[in-house]
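A short write-up of the structure that comes next.
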Amino acid sequence: MRSSSVLQSPIWLFQIAGTAKSLRKNPTLANAWLNTHGLHRKRVQLAAAMADRRRQVLARSIPAEDRAQFDENGFIWTEDFLPESQFSALKAEVLNGTFSAREMRQGHTVTRMIPTPPKMLNANPALAQSLRDHRALNQIRSASSRGGRPTSFLQTVLADPSIAGRDPQTDLHTDTFHSTAKAWLFLRDVGEDDGPVCYVPGSHKLTSERLNWQHNCALSAMNDPRAHQASGSFRIRGSELQALGLPPAKRLVVKANTLLVADTFGFHGRAQSEKSTVRIELRWHMRRNPFLPWTGLDVKALPGLKERELAAFLKVGDMLEKRFGVRHIWRDVGAVRPESPANI
Ligand SMILES: [Fe+2]
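Read in this note's numbering, the sequence shown has 982 at position 260, and its numbers run on one by one without any break.
Structure follows, in structure tokens:
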């Protein structure tokens, strides 16, 4: 064992009790003996049991029909989410504004992320009101099974299939081994050919078939030619769904002003499109330790960090690139309009 591995071993062990998912980065999670004897299986089982317990508390904060929708499908879909006047004001602020942005390229798709720190929210009241909407936050907390503050930002997805390179997000996958939430408030309609979000209804449930599938993925991930397997975002082929008792993925075609909140332990992806597409949305993301019994106590909700954590994370990435040459995938592209063409 190398000396750096000896030093890192306690960290890898400690990470088992948290959100760590990458088998490539954490050799303990990739250990064949441990996984054969149920390490990954136990993490998945325990995380799901804890999520069930926490959700019993959190689900009281959302209406019964939303709860029923979530329990059945793994997502909550609300059309006409914001009042019309607020939605118009939000669109005017976002679509006519120029904001400091980051971009990341995955094959033929560029994802543009616009952080929304307090200074920007103060200047854009409809955006602030929408990102802080309590109904949205409660749905996100319930889907992720954790309380606290989701990370929020503006997102544009620009896909151009004429450019070479596959978009790995078009493969159906689970984000990680436990419940975690992503949410989208769409600013424009997303049609069948506009690269909609896809989701396999009911795939958020931990069945015995799913648990066996997770176990087998953990055992084969390090030798799988699909790079994302070893990162812990396990991919599933359409042909495997039936054996798990699951239906095919559904393309979630939406009208503008639809809020979609999903547990991304469920299988999901971005639909392939034959044409160039631009999707623009408000986005939330919530992933916290799945093994803790309580719902609150989120450091991201602390004064000084609240709504600033994304900007801080990006600055750390910039610093690592500058000081240590670790390439930052989120490239600073300066101030841009949210729907402008990709810069990278
Ligand atoms: Fe994902």
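All C-beta atoms in this analysis are idealised placements derived from N, C-alpha and C, irrespective of residue type, glycine included.
In this text the structure is predicted, and so the values were computed from the model without any measurement.
Give me, in chain order, the residues of the same chain whose beta-carbon lies closer than 7 Å to that of glycine 913; leave out the 5 immediate sequence neighbours on both sides. As a first step, residue 913 must be located in the sequence shown, where it is residue number 191. Only Val975 meet the Cβ criterion.
Report all residues from its chain with a CB closer than 6 Å to the CB of asparagine 844; omit the five preceding and five following residues, and keep chain order. Reading the sequence shown from its first residue, position 122 is the one you call residue 844. If we look at asparagine 844 and ignore the five residues flanking it on each side, it has no Cβ neighbours.
For aspartate 1054, count neighbouring C-beta atoms within 10 Å of its own C-beta (all shown protein chains included) and say buried if the count is 16 or more, exposed if not. On the sequence shown, position 332 is the one that residue 1054 refers to. Counting the other Cβ atoms within 10 Å of the Cβ of aspartate 1054 gives fewer than 16, which makes it exposed.
Span of the alpha helix (DSSP H) around isoleucine 862: The sequence position of residue 862 within the sequence shown is 140, counting from 1. It spans 856–866 - the alpha helix (DSSP H) in which isoleucine 862 sits, taken as one unbroken run.
Give me the residue from Arg992, Gly740, Phe809 with the minimum Cα distance to threonine 896. Walking along the sequence shown from the start, residue 896 turns up at place 174. Of the candidates Arg992, Gly740, Phe809, the one whose C-alpha sits nearest the C-alpha of threonine 896 is Arg992.
From this set, Thr741, Gln730, Ala739, Lys747, which residue's C-alpha is nearest histidine 950's C-alpha? Position 228 of the sequence shown, counted from the first residue, corresponds to residue 950. Of the candidates Thr741, Gln730, Ala739, Lys747, the one whose C-alpha sits nearest the C-alpha of histidine 950 is Lys747.
Helix, strand or coil at glutamine 994 [DSSP, three-state]: Within the sequence shown, residue 994 is the residue found at index 272, counting from 1. Glutamine 994: coil per DSSP, three-state reduction.
Is it the case that the segment 787–807 contacts the segment 1033–1052, given that we only count it when at least three CB pairs across the two stretches are under 8 Å? no
Other residues of its chain near glutamate 996: CB distance less than 8 Å, five sequence neighbours each side excluded: Reading the sequence shown from its first residue, position 274 is the one you call residue 996. Closer than 8 Å at Cβ, skipping near neighbours: Pro883, Asp915.
Distance between beta carbons of serine 901 and alanine 773, contact taken as under 8 Å: The residue labelled residue 773 in the question sits at position 51 within the sequence shown. The residue labelled residue 901 in the question sits at position 179 within the sequence shown. Indeed they touch by this definition, with Cβ atoms about 4 Å apart.
7 Å CB neighbourhood of valine 1000 in its chain, flanking five on each side removed: Taking the first residue of the sequence shown as 1, we reach residue 1000 at position 278. Here the set comprises Thr878, Leu880, Glu1061.
Rounded to whole angstroms, what's the CA-CA distance from histidine 937 to valine 1021? Just pull it up for me. Numbered from 1 along the sequence shown, position 215 holds the residue referred to as residue 937. Numbered from 1 along the sequence shown, position 299 holds the residue referred to as residue 1021. Histidine 937 and valine 1021: Cα-Cα distance of roughly 32 Å.
How would you call aspartate 788, buried or exposed, if buried means at least 16 neighbouring beta carbons within 10 angstroms? Numbered from its first residue, the sequence shown carries residue 788 at position 66. Aspartate 788 comes out buried.
Residues near ligand 1, criterion Cβ-heavy atom distance below 6 Å: With the cut-off at 6 Å, the residues found are His895, Asp897, Thr986, His990.
Could you tell me how far apart the beta carbons of leucine 941 and threonine 758 are, in whole angstroms, since I believe they sit closer than 8 Å? As a working note, residue 941 is residue 219 in the sequence shown. As a working note, residue 758 is residue 36 in the sequence shown. Right, the Cβ-Cβ distance comes to about 7 Å (below 8 Å), so this counts as a contact.
Taking 8 Å as the threshold, find out whether the segment 767–783 comes into contact with the segment 805–823 through three or more Cβ pairs. no
Quick one: Cα of glycine 1018 to Cα of alanine 886, how far? The residue given as residue 1018 occupies position 296 in the sequence shown. The residue given as residue 886 occupies position 164 in the sequence shown. Computed Cα separation, rounded: 44 Å.
Between isoleucine 733 and asparagine 818, what straight-line distance do the alpha-carbon atoms span, to the nearest angstrom? The count along the sequence shown starts at 1 and reaches residue 733 at position 11. The count along the sequence shown starts at 1 and reaches residue 818 at position 96. Spanning the two alpha carbons is a distance of roughly 46 Å.
Out of Ala742, Leu859, Gly760, point me to the one whose CA is closest to serine 783's CA. As a working note, residue 783 is residue 61 in the sequence shown. Among Ala742, Leu859, Gly760, the Cα nearest to that of serine 783 is on Leu859.
Work out the CA separation of phenylalanine 1013 and glycine 740 for me, nearest whole Å. Translated into the one-based positions of the sequence shown, residue 740 becomes position 18. Translated into the one-based positions of the sequence shown, residue 1013 becomes position 291. Taking the straight line joining both Cα atoms gives about 7 Å.
From serine 955 to lysine 813, what does the alpha carbon distance come to, in whole angstroms? Here the question's residue 955 lines up with position 233 in the sequence shown. Here the question's residue 813 lines up with position 91 in the sequence shown. Their backbone Cα atoms lie some 33 Å apart in a straight line.
Return no unless some Cβ of chain B is closer than 8 Å to the Cβ of valine 975. Here there is only one protein chain, and chain B is not present.
Ordered list of alpha helix (DSSP H) runs contained in the segment 938–997, each at least 4 residues: 949–952, 960–963
Among residues of its own chain, excluding the 5 on either side of glycine 869, which ones have a beta-carbon nearer than 7 Å to its beta-carbon? In the sequence shown, residue 869 corresponds to position 147, counting from 1. Hits under 7 Å: Leu780, Arg863, Thr1017, Gly1018, Asp1020.
Closest to arginine 1056 by CA distance: which of His762, Arg765, Ala742, Arg824 is it? In the sequence shown, residue 1056 corresponds to position 334, counting from 1. Strictly speaking, residue 1056 in this sequence is glycine, with arginine absent from that position. Per the Cα distances, Arg824.
Own chain residues within Cβ distance below 6 Å of glutamine 791, not counting five before or after: Locating residue 791 in the sequence shown gives position 69, where the first residue counts as 1. Ile798, listed in sequence order.
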